[in-house]
Amino acid sequence: MADVSHPESEATNGSVTISDNVVAKVAHNACREIEGVHALGGAASRALSSLRGESRTQGVSVDIVDDTVDVDVTLVVTYGANMTKVAELCRGAVRTQVEGITGLKVRAVNVLVSDVHFPDDGGGASAVE
0 MADVSHPESE
10 ATNGSVTISD
20 NVVAKVAHNA
30 CREIEGVHAL
40 GGAASRALSS
50 LRGESRTQGV
60 SVDIVDDTVD
70 VDVTLVVTYG
80 ANMTKVAELC
90 RGAVRTQVEG
100 ITGLKVRAVN
110 VLVSDVHFPD
120 DGGGASAVE
């Protein structure tokens with residue numbers, strides 16, 4: 000993961016750098032707002048976060064090249080929710096928010112549904128991994 004520096008324009012002296020971490024936080028927040036998303040990240044990262052406190056980038060990785068970004072998101076979907084619909088809503092929200100907030104062009108948003116949360120699950124993990 001590398002930070003991206005936007006080239007200097009003729010009207011200004013200097014540059015703008017947007018960190019991978021910032022893009023990941025925007026994407027994470029976009030997914031958390033989608034109904035049916037129980038959590039982000041795989042079982043191991045969620046277990047680690049429960050010890051360290053919630054991470055605002057958990058379950059999201061980004062790759063920025065020039066002014067374009069690829070985003071990978073790992074979701075835990077609530078049982079009963081249409082997983083494909085939840086994933087598509089997440090993809091759309093990530094694209095809209097990342098492009099709108101950062102000005103970067105989103106080339107791809109890849110979503111992996113890694114787990115399903117059942118109402119009687121204490122920690123959200125299931126046998127699916």
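In terms of numbering that gives the first Met the number 0, the sequence shown is residues 0 to 128. All C-beta atoms, glycine included, are put in the ideal place defined by N, C-alpha and C. Nothing here was measured: the structure is a model prediction, and the numbers come from that model.
Outcome for residue i when other beta-carbon atoms lying within 10 angstroms are tallied against a minimum of 16
| i | result |
| --- | --- |
| Ser-113 | buried |
| Val-15 | exposed |
| Ala-107 | exposed |
| Arg-156 | Outside the displayed range of the chain (0 to 128) lies residue 156, so it cannot be described from this structure. |
| Arg-90 | buried |
| Ser-8 | Interpretation of Ser-8 is limited by its pLDDT of 49, a score under 50 that renders its predicted location unreliable; the figure taken from the coordinates is listed afterwards. Flag for Ser-8 reads exposed. |
| Thr-73 | buried |
| Gly-79 | exposed |
| Gly-40 | buried |
| Thr-11 | exposed |
Nearest to residue i (by Cα), restricted to the options the options
| i | options | result |
| --- | --- | --- |
| Glu-131 | Thr-56, Val-36, Ile-63 | This structure cannot speak to residue 131, because the chain is shown only from 0 to 128. |
| Leu-88 | Ile-17, Arg-31, Val-61, Asp-19 | Arg-31 |
| Gln-96 | Leu-39, Gly-58, Ala-38, Val-68 | Val-68 |
| Ala-92 | Gly-13, Val-36, Tyr-78 | Val-36 |
| Asn-20 | Val-59, His-116, Glu-34, Val-105 | Val-59 |
| Ala-26 | Leu-103, Gly-79, Asp-119 | Leu-103 |
| Val-85 | Asp-119, Ala-38, Pro-118 | Ala-38 |
| Val-105 | Val-61, Glu-34, Gly-79, Phe-117 | Val-61 |
| Met-82 | Ile-33, Thr-56, Ala-29 | Ile-33 |
| Val-70 | Lys-24, Pro-118, Val-76 | Lys-24 |
| Thr-77 | Leu-111, Ile-100, Pro-118, Ser-18 | Pro-118 |
Minimum Cβ-Cβ distance from residue i to chain B less than 7 Å
| i | result |
| --- | --- |
| Ser-60 | Among the protein chains of the structure shown there is no chain B, as only one such chain exists. |
Three-state class that DSSP yields for residue i in the structure shown
| i | result |
| --- | --- |
| Asp-114 | strand |
| Asp-62 | strand |
Which ranges does the beta strand (DSSP E) cover as unbroken runs of at least 3 residues, wholly within the region 66-110, from first to last along the chain? 67-77
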